[in-house]
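The sequence shown begins at 462 in this note's numbering and counts up one residue at a time.
Reading through the structure tokens given below for one structure.
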Amino acid sequence: MALPRNLLSRCHLKTPPFPHSHRLVTTTNHHHHNNKKQPLHALFMEAVGLKHHHHPQQEQESESESNFELKRNLTQLQQQLRTFNKHVPVINTKRRSLFSVFTNQPPEHDTQIVNNKKREPMILKELSPEMEGFLELLFQMGYFNHANFAKGKDMFDLSWFDTEFGRGYIKFAAQRFGREKQELAKWLSGSALKEVAMFGCPSIDRASVFPCKRLRKFFEVPENTVCSKCVLRESCKFENQSVWKGDTKILNLVVVMKVLTSYDLEMVHPKLVVPDTVKNSVRKLLKEAMKLSQTISD
Numbered sequence: 462m463a464l465p466r467n468l469l470s471r472c473h474l475k476t477p478p479f480p481h482s483h484r485l486v487t488t489t490n491h492h493h494h495n496n497k498k499q500p501l502h503a504l505f506m507e508a509v510g511l512k513h514h515h516h517p518q519q520e521q522e523s524e525s526e527s528n529f530e531l532k533r534n535l536t537q538l539q540q541q542l543r544t545f546n547k548h549v550p551v552i553n554t555k556r557r558s559l560f561s562v563f564t565n566q567p568p569e570h571d572t573q574i575v576n577n578k579k580r581e582p583m584i585l586k587e588l589s590p591e592m593e594g595f596l597e598l599l600f601q602m603g604y605f606n607h608a609n610f611a612k613g614k615d616m617f618d619l620s621w622f623d624t625e626f627g628r629g630y631i632k633f634a635a636q637r638f639g640r641e642k643q644e645l646a647k648w649l650s651g652s653a654l655k656e657v658a659m660f661g662c663p664s665i666d667r668a669s670v671f672p673c674k675r676l677r678k679f680f681e682v683p684e685n686t687v688c689s690k691c692v693l694r695e696s697c698k699f700e701n702q703s704v705w706k707g708d709t710k711i712l713n714l715v716v717v718m719k720v721l722t723s724y725d726l727e728m729v730h731p732k733l734v735v736p737d738t739v740k741n742s743v744r745k746l747l748k749e750a751m752k753l754s755q756t757i758s759d
């Protein structure tokens, strides 16, 4: 059935006046490409007036201004911080006891510990004849080969030990001797060793105290028996402490050499007076160690 002519004419008038319909589609796509998609909650906030719509160019300019302002404020803050650090007083952050908090006074034991930590200069005493002989034996056995003062030297020289470094190296070499000659320990005089063990410790530092405690543990000497008579007990942090680690049922020659060298080199606390009986026992043990090392093979 043919449509009336006037109806066709009306339909023709409603046709879009564009010769190419794809141009309209292209324009619409370009428009959507320029506008970035926003999440639904952002569109809702703009619709109710909680968020203002910003143009990209305005946002970029605002961001640049914000970055510039932020950098300027950061620079000013750094300058103020440097000035502040120069004038700020040093605050003591050391933990305080309840006594010191309420009385504003340091506890007596804290003062003693601080004073004890001050390192006293080493006073070099004259070497005993027994120590001189023991050092010469150590030199012959090669225990000073790696020492800077004796490297490449063919002749033994006692002047090597006129410095604090030299005295410290004596203890190091003697401990190496004890580690490599452990077999000699069971032949040393038990009475002389116990005499030294019963006297106490040469000083209150850990490196001196615990070798003596190990020696007392071997001879089953109670700590309280020795500590109760010690003149250094008030300033000692290890009073009446026992030793549990390690094998205390075996006489360790390294431990023995630590104790003997401390006493014979007189590396003792200034308040401590070592009796002649202890000194004689130490020297006797040094002579025995020299003799045994030359007669007993490993």
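Beta carbons are placed, not taken as given, at the ideal position from N, Cα and C, and that holds for glycine.
Check: Short Cβ contact (7 Å threshold) for residue 668 with residue 714; Outcome: no
Check: Unbroken alpha helix (DSSP H) run spanning residue 688, endpoints; Outcome: 684-688
Check: Residue 607, buried or exposed, once every other Cβ within 10 Å from all chains shown has been counted against 16; Outcome: exposed
Check: Residues of its chain near residue 595, where Cβ-Cβ distance is below 6 Å and the 5 sequence neighbours each way are ignored; Outcome: 747, 751
Check: Check whether residue 719 and residue 672 have beta carbons under 7 Å apart; Outcome: yes
Check: Inter-residue Cα distance where the pair is residue 540 and residue 533; Outcome: 11 Å
Check: Of the listed residues 591, 601, 588, 531, nearest to residue 760 (C-alpha basis); Outcome: For the chain, the structure presents residues 462 to 759; residue 760 sits outside this window and is missing.
Check: Entirely enclosed alpha helix (DSSP H) segments - the stretch 653-727, minimum 4 residues; Outcome: 667-679, 684-688, 714-725
Check: CB of residue 742 within 7 Å of CB of residue 653, strictly; Outcome: yes
Check: Same chain, Cβ closer than 8 Å to residue 703, neighbours up to 5 away in sequence not counted; Outcome: 674, 678, 684
Check: Top-ranked residue by Cα proximity to residue 665, from 643, 634, 701; Outcome: 701
Check: Cβ pair residue 726, residue 628 closer than 7 Å; Outcome: yes
Check: Continuous alpha helix (DSSP H) stretch holding residue 598: start and end; Outcome: 590-601
Check: Own chain, CB closer than 8 Å to residue 612, minus 5 neighbours either side, in chain order; Outcome: 606
Check: Host alpha helix (DSSP H) of residue 634 (start-end); Outcome: 625-641
Check: Pair within 7 Å by beta-carbon distance, residue 661 and residue 691; Outcome: yes
Check: Nearest-angstrom Cα separation, counted from residue 585 out to residue 625; Outcome: 7 Å
Check: Close beta carbons around residue 643, own chain, < 6 Å, minus the five adjacent residues each side; Outcome: 714
Check: CA-to-CA distance, residue 544 to residue 528, given in whole angstroms; Outcome: 25 Å
Check: Coarse secondary structure for residue 612, derived from DSSP in three states; Outcome: coil
Check: Identity of the residue in 619, 663, 604 nearest residue 637 by Cα; Outcome: 604
Check: Helix, strand or coil at residue 605 [DSSP, three-state]; Outcome: coil
Check: Proximity of residue 729 and residue 663 at Cβ, strictly below 7 Å; Outcome: yes
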